[in-house]
Structure formats: C-alpha cells, structure tokens
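What follows is a set of notes on a single structure, which appears directly below.
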Amino acid sequence: MAPTPTTITITGAGGQIGYALLFRIAAGDMLGPDRTVRLRLLEIPQGVRSAEGAALELQDCAFPLLRSVDVTDDPGRGFDGADVALLVGARPRTAGMERADLLAANAGIFGPQGEAIAAHAADGIQVVTIGNPANTNALIAQASAAGIPPERFTALMRLDHNRAVGHLAEALDAGADGIRDVTIWGNHSATQFPDVSHATADGTPVMALLAERLGPDGAAQWLDDEFVPRVAKRGAEIIEVRGSSSVASAANATIDHVRDLVLGRPAEAGWTSAALVSQGEYGVPEGLVCSYPVTSDGTGYRVVEGLELDGRARARIDASVAELVAERDAVRALGIL
Ligand code: NAD
Ligand code: LMR
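No gaps in the numbering here: position 220 of the sequence shown is 220 in full-length UniProt numbering, and each next residue is one more.
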C-alpha cells in the first residue's frame with residue numbers, strides 16, 4: 001500500500017518566502033524523494049489570490065510527489081490533519097510601530113494559530129515558526145496550543161547557522177560541507193551569538209586555522225569585529241542591498257531545518273542550530289524559545305549538552321537571552337501569555 005501523504009500547512013503561502021518554498025517542498029527537497037505531500041496554503045483574505053496563483057503553477061509543474069494543493073483563509077481548514085506546519089505569515093513592522101505594537105499584532109496571529117493547531121492538526125504535528133519575531137512568535141503559538149508537547153515547536157535559526165557556515169567557508173577558503181559544529185545561540189536578531197569555538201573545517205579546529213592565518217589576537221579580533229556582527233546583522237544587510245528581506249535563503253534554511261528534524265541529521269554532519277523551548281539547558285530560563293546546538297534522530301531536535309563556554313561566550317549568550325526575556329515579558333504585559 002502506498003504510504004499516506006504528509007500534510008504540510010504553510011501560512012503566508014502567498015508571500016515571497018511561500019513562493020520560494022512551495023515548489024521545493026513539492027519537488028521532494030524537504031521530505032525526500034519517497035514521500036508524497038499534500039499542501040495546505042493558509043492566507044489572510046488579501047493574500048488568497050496570490051496563493052491561488054502559486055497553486056495553479058504547482059499544478060503546472062506536474063510534480064510526481066504532489067497529491068493536492070488547497071488554499072484557504074480559514075485556520076481550522078488550513079491546519080486540519082497537518083503533520084508539519086510552517087508558520088511564515090506574520091505582521092511586518094511598519095513606520096511608527098513600537099516593539100510592543102509589533103508583538104501584540106503578531107500575538108493576534110500566532111495565538112489563534114496555536115489554538116487552531118491544537119484543535120485540528122495531526123497528533124505528531126511539528127510546528128516551525130519562520131515569521132518574525134520568530135522566537136517569541138513560536139513561544140506564543142506553543143503557549144496557545146494546549147495539549148501539544150512543547151518540543152514540537154521550534155523556530156528557524158538555520159538561516160543564521162547557514163550564514164555563519166558560508167562566511168567561515170569563504171574566510172578559510174574551505175568547502176561549506178567540510179565545516180562542522182558551528183552554533184548560533186539565542187535570538188534570531190542582532191543579539192544572537194554565532195559561536196565557532198567548537199567548530200572544525202575538514203577536521204581541523206577553526207580557531208587553530210584562524211590563528212594560523214591571522215595570529216591569535218588577529219583571530220579574536222576578526223571574530224569580534226567582523227564575523228559575529230556580519231552574521232548577526234546579515235538580515236539587515238540583505239534588506240539594505242536587495243530592498244526586501246531574504247527570501248530564497250530563508251526558504252532554503254526552512255527546508256534544511258525540517259529535513260533534519262523529520263528525517264534525522266547524519267552524525268558525520270555534526271550539529272546544527274535551532275530554537276527550541278528551553279528546559280533550562282545552559283542556564284536559559286525554562287520556556288523561552290532559544291537557539292541551541294542541536295542534533296536530530298528524526299524524532300525531534302535535542303540540545304547538545306556539556307559544551308564548555310568561556311566568559312566571552314557566556315556574556316554574549318546572556319545578552320541575547322536577556323532580549324528573549326524582555327520580549328516574553330512584553331507579551332506577558334499585554335496579558336497574552
Ligand atoms: P511577505 O510579506 O512576502 O509574505 C507574508 C505573507 O503572510 C503575506 O502573503 C500575508 O498575506 C501573509 N499573512 C499575514 N498574516 C497572516 C496570517 N494571519 N495568516 C496567514 N498568512 C498571513 O513576507 P515574506 O518575505 O514571505 O516573509 C515572511 C516572514 O518571514 C516575515 O515575518 C519575515 O520577517 C520573516 N523572515 C524570517 C526569517 C528567519 O530566518 N526566521 C528570514 C527571512 C524572513
Ligand atoms: C533575516 O534574517 O533575513 C530576516 O529575519 C530579516 C527580517 O527582518 O525579515
């Protein structure tokens with residue numbers, strides 16, 4: 001008997017990232033060449049026509065793995081039977097909007113979506129938040145989804161992780177596939193800490209390779225003055241250069257995140273980064289959706305524990321975690337959590 005198709009719900013599917021994601025999912029890039037898929041495109045009424053247009057094009061591709069495409073603006077229908085939910089649609093920040101306004105607007109989206117997921121999704125649902133502020137939106141959805149285990153909620157940090165790997169590969173003149181064990185800690189924001197202290201390139205510690213090229217002081221300076229800010233502020237750089245936020249790289253990172261989550265991450269690839277609901281690992285307050293080094297056996301991401309952190313790393317992680325605490329507290333102050 002043919003296996004049951006996997007149902008994937010994409011919110012904001014009529015937007016830019018949606019358009020870059022849908023065709024790769026339907027082609028099998030996310031769940032592999034053996035799994036058939038049903039796509040549910042959830043939009044708000046203004047976005048429905050654009051999602052319908054994408055659905056027409058999906059049909060015109062005649063993807064062998066694609067079993068159906070449904071477009072809806074009803075969250076109950078959108079999440080019905082979903083095995084994977086990709087929460088892309090979010091309220092962007094507009095001129096004059098304060099941070100609290102942004103959090104409140106997004107709570108109005110991610111709270112009801114969390115409730116709809118709890119009411120309608122399949123038992124094993126995996127929920128990935130991409131829409132910004134991704135970590136706190138994931139927290140809101142998770143807190144609103146009564147009965148679903150918190151570990152089923154993750155937020156995308158893979159774009160930051162891939163950016164860090166890409167920068168290192170260029171700096172070391174190495175292949176990206178030879179770089180292992182980079183970590184992004186904290187929030188998907190400029191406070192994040194891209195950490196290479198355990199990373200290797202083709203088996204050699206990255207710190208040793210950098211010291212060889214730049215000297216020990218030069219390596220530390222390059223990390224603090226170039227690498228960390230360039231990775232942490234890459235989203236803003238893309239907005240400035242492209243005129244709008246990252247799209248293809250964000251969709252690619254989403255594919256990478258879900259593939260490792262659902263199919264498992266090969267041990268030889270080392271760990272990756274994802275934001276999970278903290279259980280207090282590395283001193284991060286429980287319940288925050290914080291980025292960690294993670295592995296996956298195909299049943300979910302697990303935090304890599306026991307890594308040594310020096311004072312510099314600890315201070316940077318604490319600063320990003322403080323921002324996550326402030327976001328959570330701002331949402332709580334609105335009476336949402
Ligand atoms: P976009 O404006 O092109 O598309 C967003 C879509 O979401 C629109 O079609 C809109 O109609 C829809 N939408 C809004 N509210 C919705 C709701 N309640 N339900 C369903 N759909 C809804 O934006 P984009 O370029 O696709 O980016 C989407 C989000 O992803 C933004 O918040 C962006 O900041 C974020 N992003 C995150 C990362 C990351 O690494 N986490 C990277 C890039 C972009
Ligand atoms: C990114 O990292 O590219 C985006 O999160 C930036 C943004 O603000 O949408």
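Just so you know, even glycine gets a beta-carbon here, dropped at the ideal spot from N, CA and C.
Since this is a predicted model, take the numbers as computed values, not measurements.
- For I17, the Cβ falls inside the 7 Å cut-off from some heavy atom of the ligand NAD.
- Per DSSP, the beta-bridge partners of F193 are W185.
- DSSP places V294 in the strand class (E or B) of the three-state scheme.
- Taking 8 Å as the cut-off, the beta carbon of L66 is found closer than this to the beta carbon of L58.
- Here E327 is buried. Its C-beta has 16 or more other C-beta atoms within 10 Å.
- Under the three-state reduction of DSSP, Q142 is assigned to helix.
- Closest in C-alpha terms to A134, from the list G96, E98, Q192, V182, comes Q192.
- With a threshold of 7 Å, the Cβ atom of N162 does not count as near the ligand LMR, since no heavy atom of the ligand is closer than that.
- For G96 against I109, the beta-carbon gap comes to about 20 Å, at or over 8 Å, which does not count as contact.
- Around the beta-carbon of V262, 16 or more other beta-carbon atoms lie within 10 Å, marking it buried.
- Of the other Cβ atoms in all chains shown, fewer than 16 fall within 10 Å of the Cβ of I239; this residue is therefore exposed.
- In the DSSP secondary-structure assignment, S68 is bridged to R38.
- Its Cα nearest to that of D173, the residue R213 stands out among T136, R213, S189, M157.
- Three or more beta-carbon pairs drawn from the region 245 to 259 and the region 5 to 25 are found closer than 8 Å, and the two stretches are therefore classed as touching.
- Between the region 251 to 270 and the region 22 to 30 there are three or more inter-stretch CB-CB distances shorter than 8 Å, so the stretches are counted as touching.
- If you compare the alpha carbons of I44, S50, D34, G76 with that of F63, the shortest gap goes to D34.
- Short note on G186: C-beta not closer than 7 Å to any heavy atom of the ligand LMR.
- Per the C-alpha coordinates, the member of A118, V321, G280, N162 positioned closest to G235 is N162.
- With a cut-off of 7 Å, the C-beta of L103 is classified as distant from the ligand NAD, since no heavy atom of the ligand falls inside that distance.
- Under a 10 Å Cβ-count criterion, L56 is classified as exposed, with fewer than 16 other Cβ atoms of the shown protein chains found around its own Cβ.
- The DSSP-derived three-state label of S273 is strand.
- At least one heavy atom of the ligand NAD lies less than 7 Å from the C-beta of Q46.
- In this chain, F153 is not harboured by any alpha helix (DSSP H); it is covered by the beta strand (DSSP E) spanning 153 to 155.
- According to the DSSP assignment, I336 belongs to no beta strand (DSSP E), since it is labelled neither H nor E.
- C-alpha of G215 to C-alpha of A208: approximately 9 Å in a straight line.
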